[in-house]
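Student: Following this message is one structure expressed as structure tokens.
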Amino acid sequence: MKPIDVHLSEVKDVKEGALVLIDKPLNWTSFDVVNKIRYFLNKVLHTGRIKVGHAGTLDPLATGLLIVCIGKFTKRINEIQRQEKEYKGTLVLGATTPSYDLETEIDQTFATGEISDTQIYEAAKLFEGEIEQVPPSFSALKVNGIRSYKKARENVAIELQPRPVTIDSFKISNIQMPQVEFMVSCSTGTYIRSLVHDFGKALHNGAHLTALSRTRIGQFHLDNAWKLEDVIH
């Protein structure tokens, strides 16, 4: 089945299904986007009941490329989300949060005056290749059948096991202390929040993620994605 990237208005004529590239808005869950598109197809385009899913979850505080699979293309979700992913983001040194991003308040602060640009560049190199990564407790992973983030929000101690991931590239693109901008190419299953948290540790400091955008999944690029408001009006 050859990939097809279409505007939603064309989906009713695509009997074999479709892929729609969406630039996910800030504060939307990936499931929110899928639900919105499913409603639009059914209620506005009158396609009737049709399968809709997405290939690769983005956190609510992340933006960027979300591949929505429609109809028979839902069978390709696993294939697509296994492909290499690329992100650009911003982290802040000198502070940590329990969620490793802006979902929760700062819980620890650190002095950053002694951290040099050279140390930052060198620390990033430590994470390239195959690494072991512990997912953040504020994640959708299930622990005894319950989403990890639900336990974390109740201040219940959670022990998640490390998992192997591959960081093909971790490049620092700009440093304006305490802000650091970066680009990452990585395997599926990688948590950028955890990467940022561990990066802070490597500098004997703390760090948390403040902005993240997914720019690529395999051959699919954010530059070719639709804004959600342009496809559901």
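Take the sequence shown: its letters are residues 727 to 959, numbered as in our numbering. We treat Cβ as the ideally placed atom computed from N, Cα and C, and that holds for glycine.
1) So, under 8 Å CB-CB, S895 and S911 are touching, yes? Tell me the CB distance rounded to an integer number of Å.
2) Taking contact to mean at least 3 C-beta pairs separated by less than 8 Å, is the segment 769-781 in contact with the segment 911-928?
3) Determine the direct distance from the alpha carbon of I943 to that of K801, and round the result to whole angstroms.
4) Terminal residues of the continuous alpha helix (DSSP H) containing V778?
5) Counting C-beta neighbours from all protein chains within 10 Å, is the total for L752 16 or more, i.e. buried, or is it exposed?
6) Does the Cβ-Cβ distance between L747 and I793 come in under 8 Å?
7) Let me know the secondary structure DSSP gives L792 once reduced to three states.
8) Could you tell me the alpha carbon to alpha carbon distance between P729 and N804, rounded to whole angstroms?
9) I832: which of W952, G774, I841, T936 sits nearest, CA to CA?
10) Out of curiosity, what's the CA-to-CA distance linking I918 and N768?
11) With a CB to CB cut of under 6 Å and the five nearest residues on each side skipped, what residues in its chain are close to V760?
12) In this structure, what does DSSP give as the bridge partners for V759?
13) With H, G and I counted as helix, E and B as strand and the rest as coil, what does DSSP make of V860?
14) So Q902 is in the beta strand (DSSP E); what residue range does that whole segment cover?
15) Is the Cβ-Cβ distance between T941 and L745 less than 8 Å?
16) Would you decide whether P890 is buried or exposed? Buried here means 16 or more other CB atoms lie within 10 Å of its CB.
17) May I have a chain-ordered list of the alpha helix (DSSP H) segments no shorter than 4 residues that lie completely inside the segment 770-852?
Tutor: Based on what the coordinates show:
1) 4 Å
2) no
3) 17 Å
4) It is not in any alpha helix (DSSP H) - V778 instead sits in the beta strand (DSSP E) that spans 778-780.
5) exposed
6) yes
7) strand
8) With a pLDDT of only 42 at P729, under 50, the local geometry of the prediction cannot be trusted, and no value is derived from it.
9) T936
10) 35 Å
11) V778, H780
12) Bridge partners of V759: none, in fact.
13) coil
14) 889-902
15) no
16) exposed
17) 803-807, 843-851
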